[in-house]
Amino acid sequence: MKFAVSYSSAHFGTDPDRIVAYARHAEACGFEGLYLPEHLVLYPGARLHNFEVPPTLPFLDPLDTLAYVAAATDRLLLGTGVLLLPYRHPVVLAKQLATIDVLSKGRMRLLTVGLGVVPEEAAATGVDFRARGRRADEAIDVLRLLWAGGAEGVSFHGEFFSFDDLVQYPKPYNATTLPIHVGGSSKAAARRVGLRGDGYFAGGALVPQERMIQWELARSTAEEAGRDPDALEYTRWSGIDMTDERLAAFAEQGVTRVVVSATAPDPAEQLDELSRFAERFIANS
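What follows is the structure, encoded as structure tokens:
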């Protein structure tokens, strides 16, 4: 089992020293990686996860922040949970992700993409909210095509993106692609995992049976598409107070990575929370 941490500037603030301290401490504790969420815009009366939130929540751009964290750490893998893929142009995004991966020497490896559930974000970026799934599918294909393409150039003609003979360097660090995990809690997300993803980062408040159905759907879809279902990673959220029984249940369900976040309001207490978790689950793993 792998263990990673999440940091939300919307809840913990935007102090760069605090972010670096959190990331460095997670690295020292043995956590695999750091995840950051994304929201582009909010508005008065905005609701996230069925709760009304202040529109002034300071969501830092995850990729810019991860580049900053990469410069302050040595081993920590860099992740998003989730990057709102339909609202980013894949040609620009491919360059951004490859750049971070090169400058971090191969640590931009926990990218998780999702569709977003706030229609106002789609409207603000000129994207048809109802078509965001198809747009995300094309974007994944474009990312992989650009990363793998050589000096002869690559071409793509789809519903949303179209180009001929594009050459984009640098490539990801010592690789021809980057892992792309898919986040979500719908059957469509599970199918996207099977068809295009390297892993599934399950979200939403679902009962265990629903989660098992979706994970099996991701695996069966991969197998039907000629892909190896056993190569898919399975990531789940958990509370920082996770029990041994909870971890055993995750393992039985096929989970390969658990992501937690500190919850204490005080930064020093947050680091203590990470230390206690690491002592229980990482030190002896």
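Just so you know, we're using our numbering here: the sequence shown kicks off at 1 and counts up by one.
C-beta atoms are modelled at their ideal positions from N, C-alpha and C, and glycine is treated no differently.
The DSSP-derived three-state label of Glu38 is coil. Apart from sequence neighbours up to five positions away, the residues of its chain that approach Ser8 with a beta-carbon distance below 6 Å are Pro37, ordered along the chain. Beta-bridge partners assigned by DSSP to Tyr234: Tyr200. Nearest neighbour of Ile213 by Cα position, chosen from His157, Asp198, Ala190, turns out to be Ala190.
Sequence-distant Cβ neighbours of Val207 in its own chain, meaning closer than 7 Å and more than five residues away, do not exist here. Rounded to whole angstroms, the Cβ separation of Thr80 and Leu111 is 6 Å, and the two are in contact under 8 Å. For His25, the three-state secondary structure derived from DSSP is helix. In the DSSP annotation of this structure, Ala225 is not part of any alpha helix (DSSP H), being labelled neither H nor E. Straight through space, the alpha carbons of His49 and Gly184 are spaced by roughly 12 Å. Here Val255 carries a coil assignment [DSSP, helix/strand/coil]. Nearest C-alpha to Leu78 among Phe3, Glu279, Arg196: Phe3. In the three-state reduction of the DSSP assignment, Arg107 falls in the coil class, being assigned neither a helical nor a strand state. Judged by beta-carbon spacing, Pro55 lies beyond the 9 Å limit of Tyr68, meaning their Cβ atoms are not closer than that value. Residue environment analysis places Val167 among the exposed positions, since fewer than 16 neighbouring C-beta atoms fall within 10 angstroms of its C-beta. Around the C-beta of Gly194, 16 or more other C-beta atoms lie within 10 Å, and the residue is accordingly described as buried. Under the three-state reduction of DSSP, Leu84 is assigned to strand.
Here Gln209 is exposed, its C-beta having fewer than 16 other C-beta atoms within 10 Å.
Contact between the segment 125 to 132 and the segment 81 to 101 is established, with three or more Cβ pairs separated by less than 8 Å. Counting along the chain, no beta strand (DSSP E) covers His11; the unbroken alpha helix (DSSP H) around it starts and ends at 9 to 12. In the DSSP annotation of this structure, the continuous segment of the beta strand (DSSP E) that includes Ala4 starts and ends at 2 to 6.
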